[in-house]
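Chemist: Here it is, the structure, as structure tokens.
There are 2 protein chains.
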Amino acid sequence: MPSLGYVTPQTMHFAQPLPLQSGASLRDYMLMYETYGTLNADKSNAVLVCHALNASHHVAGEYEGQPKSQGWWDNMVGPGKSLDTDKFFVIGINNLGSCFGSTGPMHVNPASGKPYGAAFPVVTVEDWVNAQARLADELGITQFAAVMGGSLGGMQALAWSIMYPDRLRHCVVIASTAKLSAQNIAFNDVARQAILSDPDYHGGDFYEHGVVPKNGLRVARMVGHITYLSDDDMAEKFGRKLRDSAEAGDYKFGFGVDFEIESYLRYQGDKFSEYFDANTYLLITKALDYFDPARAHGGDLAKTLSHTKAKFFLASFTTDWRFSPERSQEIVQALICNRRQVTYAEIDAPHGHDAFLLEDARYMKLVRAYYEQVWNDINKEAAA
Amino acid sequence: MPSLGYVTPQTMHFAQPLPLQSGASLRDYMLMYETYGTLNADKSNAVLVCHALNASHHVAGEYEGQPKSQGWWDNMVGPGKSLDTDKFFVIGINNLGSCFGSTGPMHVNPASGKPYGAAFPVVTVEDWVNAQARLADELGITQFAAVMGGSLGGMQALAWSIMYPDRLRHCVVIASTAKLSAQNIAFNDVARQAILSDPDYHGGDFYEHGVVPKNGLRVARMVGHITYLSDDDMAEKFGRKLRDSAEAGDYKFGFGVDFEIESYLRYQGDKFSEYFDANTYLLITKALDYFDPARAHGGDLAKTLSHTKAKFFLASFTTDWRFSPERSQEIVQALICNRRQVTYAEIDAPHGHDAFLLEDARYMKLVRAYYEQVWNDINKEAAA
Numbered sequence: 004m005p006s007l008g009y010v011t012p013q014t015m016h017f018a019q020p021l022p023l024q025s026g027a028s029l030r031d032y033m034l035m036y037e038t039y040g041t042l043n044a045d046k047s048n049a050v051l052v053c054h055a056l057n058a059s060h061h062v063a064g065e066y067e068g069q070p071k072s073q074g075w076w077d078n079m080v081g082p083g084k085s086l087d088t089d090k091f092f093v094i095g096i097n098n099l100g101s102c103f104g105s106t107g108p109m110h111v112n113p114a115s116g117k118p119y120g121a122a123f124p125v126v127t128v129e130d131w132v133n134a135q136a137r138l139a140d141e142l143g144i145t146q147f148a149a150v151m152g153g154s155l156g157g158m159q160a161l162a163w164s165i166m167y168p169d170r171l172r173h174c175v176v177i178a179s180t181a182k183l184s185a186q187n188i189a190f191n192d193v194a195r196q197a198i199l200s201d202p203d204y205h206g207g208d209f210y211e212h213g214v215v216p217k218n219g220l221r222v223a224r225m226v227g228h229i230t231y232l233s234d235d236d237m238a239e240k241f242g243r244k245l246r247d248s249a250e251a252g253d254y255k256f257g258f259g260v261d262f263e264i265e266s267y268l269r270y271q272g273d274k275f276s277e278y279f280d281a282n283t284y285l286l287i288t289k290a291l292d293y294f295d296p297a298r299a300h301g302g303d304l305a306k307t308l309s310h311t312k313a314k315f316f317l318a319s320f321t322t323d324w325r326f327s328p329e330r331s332q333e334i335v336q337a338l339i340c341n342r343r344q345v346t347y348a349e350i351d352a353p354h355g356h357d358a359f360l361l362e363d364a365r366y367m368k369l370v371r372a373y374y375e376q377v378w379n380d381i382n383k384e385a386a387a
Numbered sequence: 004m005p006s007l008g009y010v011t012p013q014t015m016h017f018a019q020p021l022p023l024q025s026g027a028s029l030r031d032y033m034l035m036y037e038t039y040g041t042l043n044a045d046k047s048n049a050v051l052v053c054h055a056l057n058a059s060h061h062v063a064g065e066y067e068g069q070p071k072s073q074g075w076w077d078n079m080v081g082p083g084k085s086l087d088t089d090k091f092f093v094i095g096i097n098n099l100g101s102c103f104g105s106t107g108p109m110h111v112n113p114a115s116g117k118p119y120g121a122a123f124p125v126v127t128v129e130d131w132v133n134a135q136a137r138l139a140d141e142l143g144i145t146q147f148a149a150v151m152g153g154s155l156g157g158m159q160a161l162a163w164s165i166m167y168p169d170r171l172r173h174c175v176v177i178a179s180t181a182k183l184s185a186q187n188i189a190f191n192d193v194a195r196q197a198i199l200s201d202p203d204y205h206g207g208d209f210y211e212h213g214v215v216p217k218n219g220l221r222v223a224r225m226v227g228h229i230t231y232l233s234d235d236d237m238a239e240k241f242g243r244k245l246r247d248s249a250e251a252g253d254y255k256f257g258f259g260v261d262f263e264i265e266s267y268l269r270y271q272g273d274k275f276s277e278y279f280d281a282n283t284y285l286l287i288t289k290a291l292d293y294f295d296p297a298r299a300h301g302g303d304l305a306k307t308l309s310h311t312k313a314k315f316f317l318a319s320f321t322t323d324w325r326f327s328p329e330r331s332q333e334i335v336q337a338l339i340c341n342r343r344q345v346t347y348a349e350i351d352a353p354h355g356h357d358a359f360l361l362e363d364a365r366y367m368k369l370v371r372a373y374y375e376q377v378w379n380d381i382n383k384e385a386a387a
């Protein structure tokens with residue numbers, strides 16, 4: 004399969020303040036984004052791909068001179084792939100508050116002349132959607148062929164369908180939910196407490212201290228990572244295998260690494276703590292916790308979705324215990340109540356929540372089939 | 004129901020070194036224990052109740068002048084209760100390495116003259132069982148009517164049946180497992196990393212520094228606590244309820260407490276960090292991780308249990324995702340392979356792993372019925 008080849012991120016500066024859900028506003032900000040494929044003449048083939056917690060605008064392709072820099076959804080997006088960049092013009096945008104180029108807590112706060120740190124305003128899924136809409140405005144895209152995302156990205160797609168019903172024809176929501184459960188929030192709060200209580204966090208102003216709250220970030224990532232994997236998959240991959248079984252074959256009777264799973268998780272935690280921003284982690288987990296569009300409608304999701312106009316594709320994965328199939332089913336039910344056109348797939352996959360990012364022939368085929376419909380949809384209208 | 008009344012802990016000193024599974028030994032140690040009821044003349048009515056992670060020898064009754072000091076299984080153990088102290092002589096023993104009176108990391112290491120700290124040897128379930136057996140020797144109990152425990156306590160009961168097949172007539176294993184899964188180990192390691200990376204841990208020697216790694220313990224307890232509750236129960240009890248909804252009714256857009264579940268978990272974490280010892284937490288999670296009696300038999304649990312002589316009672320709880328019913332079923336299957344007499348109950352309870360500690364009429368009735376059998380068993384033999 005031909006690769007998308009080298010890609011280049013772009014930036015767009017916004018001088019007009021962005022009012023936020025909290026009541027605060029960002030008076031000046033920048034968004035980092037990438038595009039793949041070609042926008043057609045009537046600008047009807049644009050697809051916005053929204054990212055989840057630790058991903059970015061770099062959805063697909065690779066950077067020149069960086070052979071291992073494939074985008075986070077490179078298996079999904081590219082020429083001839085499920086979301087085919089030979090047909091669609093795909094946009095990835097780094098969300099505000101993230102740490103991959105768009106304005107975030109590590110950037111200078113114009114009000115203080117110092118990095119925002121913990122003073123960066125708490126942003127919500129809806130705020131991100133508003134920021135994405137402005138970028139679409141600048142590109143002259145009045146209506147997306149589709150807005151798509153997995154997990155937190157799926158929440159953004161769902162929010163688009165509610166906030167800007169006329170600006171997307173299709174809404175693709177994968178491994179997501181209309182709101183976090185108490186257990187989801189609990190895990191997020193454990194992660195936040197690990198970061199906030201790390202002395203190197205310095206109340207969010209660690210940039211000035213020349214340190215990073217690595218221990219807190221590491222624990223936060225470890226606990227998060229457990230929730231991304233299924234119990235079965237962990238059992239299959241790691242089970243009770245010892246790390247140095249070939250060498251010693253016995254327990255070490257200390258607090259170092261005994262089991263492979265410990266080694267794996269600590270490695271994941273270490274790696275993450277080296278590139279991810281602690282304030283961003285706090286912000287993004289809060290955006291997850293706060294997402295609850297039905298809240299404004301007394302918890303009635305059907306009512307919340309009653310003004311949507313898009314057609315929907317939802318997919319969930321059987322072993323995902325973070326956002327289980329039941330969560331997707333709730334959205335499907337609420338859409339059916341509103342007689343929306345919905346395609347729903349529950350995919351039997353062993354990889355837990357992470358499945359939405361992984362190669363799975365049935366999953367990729369389903370998404371491909373759906374985008375063929377999206378393509379026909381656009382061209383039918385163009386022909387009419 | 005009449006209460007057990009005031010109880011008094013006792014201590015027993017052991018001058019003979021205890022060889023440990025690690026190869027190390029404890030050269031001098033003390034066990035804190037409590038007893039309830041009266042040991043009969045032929046010493047056949049003794050029941051050992053083993054404790055789990057954060058519990059102790061204080062199984063039932065209360066301490067004089069401390070009205071809220073009920074033991075951790077006071078709903079289960081007492082006069083007329085499921086484990087009836089009018090019939091049975093019940094013993095609770097604080098395990099070595101714990102922080103409720105038995106020799107542990109906060110006590111003076113005779114080798115150094117300083118508190119053990121991280122130098123306290125890593126102890127295993129099997130080490131605890133050996134220590135408990137010595138205490139039973141001192142009390143002249145050659146055979147327990149039953150050894151009983153929930154969770155980690157159930158592991159000790161199971162280990163008794165394997166290590167001392169002639170010393171227990173019944174083995175009562177509740178909400179337990181024959182070994183931890185990769186996911187269980189992963190959660191334990193997150194907790195350990197939170198403690199180990201807290202600067203106030205000081206490599207385990209925080210006693211000398213006059214500090215306690217409270218932040219690490221707090222995060223450890225928070226993550227542990229999530230795994231004790233069921234997703235459904237959390238949803239029912241907390242859902243997405245806001246902490247100060249009466250007052251503001253809206254999100255706070257900061258990193259403080261928004262949701263009830265955050266407030267609850269942080270409170271649990273804070274409380275725990277005030278009384279529990281950080282080194283004990285490390286030790287006990289390692290004992291959990293290491294427990295795997297089938298390991299010495301190539302993973303064959305049936306073979307491992309082939310020399311047991313006890314009759315077994317096992318119970319699990321439907322919503323327990325820490326040690327799910329499948330884990331108990333594995334033990335039941337392995338016992339059936341060996342034609343052991345097994346009673347197994349899978350109790351439909353909403354409270355997750357914590358259910359084993361909670362009042363539940365069906366559960367209490369089942370255990371009561373089983374102990375009536377144990378009682379008949381003892382008296383049949385006495386009559387014969």
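If you're matching them up, the sequences are chains U and L in order. The number in the working numbering is simply the position in the first sequence, starting from 1, with 3 added. The number in the working numbering is simply the position in the second sequence, starting from 1, with 3 added. All C-beta atoms in this analysis are idealised placements derived from N, C-alpha and C, irrespective of residue type, glycine included. Source: prediction; values computed, not measured.
(1) Please report the residue range of the beta strand (DSSP E) in which histidine 16 of chain U lies.
(2) Would you kindly check if the distance between the Cβ of threonine 288 of chain U and the Cβ of arginine 195 of chain U is under 8 Å?
(3) Which whole-angstrom value is the C-beta distance of leucine 369 of chain U and leucine 291 of chain U, which I expect to be below 8 Å?
(4) Mind reading off the beta-carbon distance from proline 108 of chain L to histidine 61 of chain L? Whole number of angstroms is fine, and I expect it under 8 Å.
(5) Give a yes or no on whether the minimum CB-CB distance between proline 20 of chain U and chain L is below 8 Å.
(6) Mind listing, in chain order, the continuous beta strand (DSSP E) runs of no fewer than 3 residues lying wholly within the stretch 128-199 of chain U?
(7) Can you confirm whether proline 118 of chain U, when its beta carbon is compared against all beta carbons of chain L, has any partner nearer than 8 Å?
(8) Leucine 1 of chain U to valine 176 of chain U, Cα distance in whole Å?
(9) Run the proximity test for arginine 172 of chain U: is its beta-carbon closer than 7 Å to any non-hydrogen atom belonging to the ligand ADP?
(10) Counting only Cβ-Cβ distances shorter than 9 Å, please list the residues of the stretch 209-221 of chain U near chain L, keeping chain order.
(11) Would glycine 120 of chain U and cysteine 53 of chain U be called neighbours here (beta carbons separated by less than 8 Å)?
(12) Leaving out the 5 sequence neighbours to the left and right, which residues in its chain are closer than 7 Å to tyrosine 210 of chain U when beta-carbon positions are compared?
(13) With 16 other CB atoms within 10 Å as the buried threshold, where does arginine 330 of chain U fall?
(14) Sort U:Thr321, U:Val80 and U:Asp201 by Cα distance to tyrosine 374 of chain U and report the nearest one.
(15) Ignore the nearest five residues each way along the sequence and tell me which others in phenylalanine 103 of chain L's own chain have a CB closer than 8 Å to its CB.
(16) Label glutamate 362 of chain U either buried or exposed according to how many other C-beta atoms from any shown protein chain fall within 10 Å of its C-beta, with 16 as the threshold for buried.
(17) Buried or exposed: where does threonine 14 of chain L fall if 16 or more other Cβ atoms within 10 Å of its Cβ makes it buried?
(18) Distance cutoff 8 Å, beta carbons only. Does tyrosine 254 of chain L sit that close to anything in chain U?
(19) For methionine 4 of chain U, which of helix, strand or coil comes out of DSSP?
(20) Where do the ends of the beta strand (DSSP E) carrying alanine 319 of chain L lie?
(21) Considering only their Cβ atoms, is the gap separating aspartate 323 of chain U from histidine 300 of chain U smaller than 8 Å?
(22) Is it buried or exposed for aspartate 130 of chain L, if we count other Cβ within 10 angstroms and need 16 for buried?
(23) Let's test the definition: count the other Cβ atoms within 10 Å of the Cβ of arginine 342 of chain U and tell me whether it reaches 16, buried, or not, exposed.
(24) So leucine 369 of chain U is in the alpha helix (DSSP H); what residue range does that whole segment cover?
(25) Mapping DSSP to helix, strand and coil, what is methionine 33 of chain L?
(26) Against phenylalanine 190 of chain L, what residues of chain U qualify as contacts under a CB-to-CB distance less than 7 Å, listed in chain order?
(27) Which same chain residues end up closer than 7 Å to tyrosine 204 of chain U when comparing Cβ atoms and leaving out the 5 residues on each side of it in sequence?
(28) Leaving out five residues before and five after tyrosine 231 of chain L in sequence, what residues of the same chain have Cβ atoms less than 8 Å from its Cβ?
(29) What is the rounded straight-line gap between the Cα of methionine 4 of chain U and the Cα of glutamate 65 of chain U?
(30) Would you identify the three-state DSSP class for leucine 99 of chain U, choosing helix, strand or coil?
(31) For proline 168 of chain L and histidine 310 of chain L, which I take to be in contact (beta-carbon distance under 8 Å), what is that distance rounded to the nearest angstrom?
(32) Flag leucine 56 of chain U as yes if its beta-carbon sits less than 8 Å from any beta-carbon of chain A, otherwise no.
(33) List the residues of chain U that methionine 237 of chain L touches, going by C-beta distances under 8 Å, in chain order.
(34) Given that proline 202 of chain U touches chain L, what residues does it touch there, using C-beta distances under 7 Å?
(35) CB valine 132 of chain L to CB tryptophan 163 of chain L, shorter than 8 Å?
(36) Using the DSSP secondary-structure output, state which residues sit across from threonine 346 of chain U in a beta bridge.
Modeler: If we stick to the structure as given:
(1) For histidine 16 of chain U, the enclosing beta strand (DSSP E) begins and ends at 13-17.
(2) Cβ atoms of arginine 195 of chain U and threonine 288 of chain U: closer than 8 Å.
(3) That pair is no contact at about 25 Å.
(4) So it is not a contact: roughly 20 Å between Cβ atoms.
(5) Interface criterion not met: the Cβ of proline 20 of chain U is under 8 Å from no Cβ in chain L.
(6) Scanning the stretch 128-199 of chain U for uninterrupted beta strand (DSSP E) segments of 3 residues or longer gives 147-153 and 171-177, listed from N- to C-terminal end.
(7) Contact of proline 118 of chain U with chain L is not assigned, every C-beta pair being separated by 8 Å or more.
(8) With chain U covering 4 to 387 only, the question about residue 1 of chain U has no answer from this structure.
(9) The model on display carries no ligand, and the ligand ADP is accordingly not part of it.
(10) Of all residues in the stretch 209-221 of chain U, the ones placed with a Cβ closer than 9 Å to any Cβ belonging to chain L are Lys217, Asn218, Gly219 and Arg221, in chain order.
(11) Against a cut-off of 8 Å, the Cβ pair of cysteine 53 of chain U and glycine 120 of chain U comes out as no contact.
(12) So the qualifying residues of the chain are Met109, Pro118 and Gly120.
(13) If you draw a 10 Å sphere on the C-beta of arginine 330 of chain U, you find 16 or more other C-beta atoms in it, and that means buried.
(14) The candidate whose alpha carbon is nearest that of tyrosine 374 of chain U is U:Val80.
(15) Closer than 8 Å at the Cβ level, and outside the excluded window around phenylalanine 103 of chain L, lie Met35, Ser59, His60, His61 and Asn97.
(16) Per the 10 Å Cβ criterion, exposed.
(17) Classification of threonine 14 of chain L: exposed, given that the 10 Å Cβ count is below 16.
(18) So, interface residue.
(19) Only weak support is given to the placement of methionine 4 of chain U: the predicted model assigns it a pLDDT of 43, under 50, and the question is left unresolved by the model.
(20) One detail in the question is off: residue 319 of chain L reads as serine in this sequence, not alanine. From DSSP, the beta strand (DSSP E) with serine 319 of chain L extends over 314-320.
(21) Not in contact: histidine 300 of chain U and aspartate 323 of chain U (Cβ atoms no closer than 8 Å).
(22) By the 10 Å Cβ count, aspartate 130 of chain L comes out buried.
(23) So arginine 342 of chain U ends up on the exposed side.
(24) First-last of the alpha helix (DSSP H) with leucine 369 of chain U: 364-386.
(25) Collapsing the DSSP output to three states places methionine 33 of chain L in a strand.
(26) The contacting residues are Ile229.
(27) Within the same chain, tyrosine 204 of chain U has close Cβ partners Ile198, Pro216, Gly219 and Ala281.
(28) Arg325, Gly355, His356 and Asp357, listed in sequence order.
(29) Reliability fails at methionine 4 of chain U, whose pLDDT of 43 lies under 50, so the model's placement of it is uncertain and the value that follows must be treated cautiously. Taking the straight line joining both Cα atoms gives about 15 Å.
(30) Here leucine 99 of chain U carries a coil assignment [DSSP, helix/strand/coil].
(31) Between proline 168 of chain L and histidine 310 of chain L a beta carbon distance of about 6 Å is seen, short of the 8 Å cut, so the two are scored as contacting.
(32) Looking for chain A here will not work: the only protein chains present are U and L.
(33) Residues of chain U passing the Cβ test: Ser184, Ala185, Gln186 and Ala189.
(34) The contacting residues are Pro202.
(35) Cβ distance < 8 Å, so valine 132 of chain L and tryptophan 163 of chain L count as in contact.
(36) According to DSSP, which records beta bridges pairwise, threonine 346 of chain U is partnered with U:Phe316.
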